[in-house]
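Just so we're aligned, residue 180 is where the sequence shown starts under the numbering used here, counting upward by one.
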Amino acid sequence: MRRWWRVALVALGLCCLSLPVSAQQTASGEELYRQQLQASGAEDLTGALPRNVQDLLDQLELDTFDPDSYTGLSFQQVTGLLMELTAGQAGGPLQVMGMLIGVVLMAAVFSGMESSALSPALRQTYHSAAVLGAGSMLLVPLFGLLETVWQAVERVTVFLAAYVPVYAALLATGGRGVSAVSYQATLMGASQLLTWLIRGAVFPALIVSLALGCTGSVADGFCLDRFGQTLHKGILWVLGLFSTVFSFLLSFQQMAASAGDSLSGRMVRFSLTSFVPVVGGLLGEAYSTVAGCAGLLRTTVGCFGLLSVALVVVPPLLSCICWSIGLRVAADTAALFRLAPLERLCQAAAGAVRVLIAVLAVLALLMVISTTVITAFSGR
Numbered sequence: 180m181r182r183w184w185r186v187a188l189v190a191l192g193l194c195c196l197s198l199p200v201s202a203q204q205t206a207s208g209e210e211l212y213r214q215q216l217q218a219s220g221a222e223d224l225t226g227a228l229p230r231n232v233q234d235l236l237d238q239l240e241l242d243t244f245d246p247d248s249y250t251g252l253s254f255q256q257v258t259g260l261l262m263e264l265t266a267g268q269a270g271g272p273l274q275v276m277g278m279l280i281g282v283v284l285m286a287a288v289f290s291g292m293e294s295s296a297l298s299p300a301l302r303q304t305y306h307s308a309a310v311l312g313a314g315s316m317l318l319v320p321l322f323g324l325l326e327t328v329w330q331a332v333e334r335v336t337v338f339l340a341a342y343v344p345v346y347a348a349l350l351a352t353g354g355r356g357v358s359a360v361s362y363q364a365t366l367m368g369a370s371q372l373l374t375w376l377i378r379g380a381v382f383p384a385l386i387v388s389l390a391l392g393c394t395g396s397v398a399d400g401f402c403l404d405r406f407g408q409t410l411h412k413g414i415l416w417v418l419g420l421f422s423t424v425f426s427f428l429l430s431f432q433q434m435a436a437s438a439g440d441s442l443s444g445r446m447v448r449f450s451l452t453s454f455v456p457v458v459g460g461l462l463g464e465a466y467s468t469v470a471g472c473a474g475l476l477r478t479t480v481g482c483f484g485l486l487s488v489a490l491v492v493v494p495p496l497l498s499c500i501c502w503s504i505g506l507r508v509a510a511d512t513a514a515l516f517r518l519a520p521l522e523r524l525c526q527a528a529a530g531a532v533r534v535l536i537a538v539l540a541v542l543a544l545l546m547v548i549s550t551t552v553i554t555a556f557s558g559r
């Protein structure tokens, strides 16, 4: 009778050992990756992107959550897309630059007339009319550029509101719970603060600086455009300080959280392998496999987030760069003919555009810095 009990216990033990082995063989790494992808809700992030960004992703021929798609992305594809976007964004700035140069040339013709042919009062009146005409044809598209940049800020904020919780959940699934909490709180708080700062301070200051620049260009004897330049420098200083504080705070938090997450992950594996009888080693290996798939999925979702934010920011950024070049050429043309009012007007507008470039750069850096810091402290 005792012999039969021993045989039954041995058979039961063999059955228990065969179950995890067969489950491990049937569930491949690719299937586990797909299961985690569906459970994380990352596939729904594409719906948080605007339609034009989805079209750009399709144009790059990317399988959104396939890691091989990002490693196979060629330099020719990226440069071709950038050239196409640049060609689409450069039309408006080039047109306005041509009109400004036309106004500069007309003003230069009247400036070259003899004083007997054109009285000083009439010449001053014509110069003021030329500046006002140039300002009218310049300010309308500039306000349209402000609206475009603000739409990009809103789209990035909406995308981050959907992306950050998913990415934080993937961090927690991979055994980095403390890092997930600090990452979500810091990035969401920074994005909301930056949006409030742009809407409540940066854009109103830009409008005031443009008004001061236009007024200072027309009114001789008043250096109102200098106040606009001071506003531009102040905004750039605030944005630089914001980026520095965000980078320091996120790096500091992740440095502290990484040690705790690493210790907790090792304790889980040690507990599984040491305190679970018979199948503890297999459970420890299964935990490592799940954590590895979660890390691969986290990296893929991070690449998707970086690319998505870049595709939202790059079109208005290219437009701002084209505007900056066009206004710089117009200002140099005015300086060539010694037309100081038109030169100051173009410089004031160029300063505002440079601030918009800084806003878009800081917006993209939020995503780049956070992803880079998380990746840097992911190794355990």
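Heads up, the beta-carbon is just placed ideally off N, CA and C, and yes, glycines get one too. Small disclaimer: the values here were computed from a predicted structure and weren't measured.
In whole angstroms, give me the CA-to-CA distance for residue i and residue j.
| i | j | result |
| --- | --- | --- |
| residue 404 | residue 277 | 23 angstroms |
| residue 487 | residue 375 | 22 angstroms |
| residue 280 | residue 509 | 6 angstroms |
| residue 249 | residue 389 | 42 angstroms |
| residue 217 | residue 223 | 9 angstroms |
| residue 226 | residue 362 | 23 angstroms |
| residue 283 | residue 317 | 13 angstroms |
| residue 371 | residue 397 | 39 angstroms |
| residue 542 | residue 418 | 10 angstroms |
| residue 268 | residue 228 | 20 angstroms |
| residue 519 | residue 547 | 41 angstroms |
| residue 221 | residue 384 | 38 angstroms |
| residue 258 | residue 241 | 15 angstroms |
Need the endpoints of the alpha helix (DSSP H) that residue i sits in, please.
| i | result |
| --- | --- |
| residue 392 | 382-397 |
Spatial neighbours of residue i within its chain, please: C-beta separation below 7 angstroms, excluding the five flanking residues on both sides.
| i | result |
| --- | --- |
| residue 238 | 260 |
| residue 395 | 401, 402, 403, 404, 523 |
| residue 349 | 219, 473, 476, 477, 480 |
| residue 365 | 428, 429, 432 |
| residue 313 | 279, 282, 521, 524 |
| residue 513 | 283, 521, 522, 525 |
Got a sec? Which residues, its chain only, sit under 8 angstroms from residue i by beta carbon, not counting five neighbours each side?
| i | result |
| --- | --- |
| residue 367 | 339, 340, 343 |
| residue 329 | 377, 378, 382 |
On the premise that residue j lies in contact with residue i, defined as a C-beta separation below 8 angstroms, what is that separation, rounded to the nearest angstrom?
| i | j | result |
| --- | --- | --- |
| residue 497 | residue 525 | In fact, because the Cβ distance is near 20 angstroms, the residues do not count as touching under 8 angstroms. |
| residue 425 | residue 545 | 7 angstroms |
| residue 495 | residue 327 | 5 angstroms |
| residue 310 | residue 521 | 6 angstroms |
| residue 236 | residue 490 | 7 angstroms |
| residue 536 | residue 500 | 7 angstroms |
| residue 420 | residue 406 | No, residue 420 and residue 406 are not in contact; Cβ-Cβ is about 21 angstroms, not under 8 angstroms. |
| residue 320 | residue 275 | 6 angstroms |
| residue 483 | residue 265 | At roughly 24 angstroms, the Cβ-Cβ gap does not stay under 8 angstroms, so residue 483 and residue 265 are not in contact. |
In its own chain, which residues sit with a C-beta less than 6 angstroms from the C-beta of residue i, not counting the 5 before and 5 after it?
| i | result |
| --- | --- |
| residue 359 | 347, 350, 351 |
| residue 192 | For residue 192, the pLDDT reaches just 42, beneath the cut-off of 50, and the residue's location in the model is therefore unreliable, although a value from the coordinates is still provided. Nothing meets the Cβ criterion. |
| residue 516 | 287 |
Does the Cβ of residue i lie closer than 7 angstroms to at least one heavy atom of the ligand SAM?
| i | result |
| --- | --- |
| residue 419 | For the ligand SAM, the structure offers nothing, since it holds no ligand at all. |
Worksheet item: Can you list, in chain order, the stretches of the beta strand (DSSP E) that have 3 or more residues and sit fully within the stretch 202-260?
Response: The qualifying runs do not exist here; there are none.
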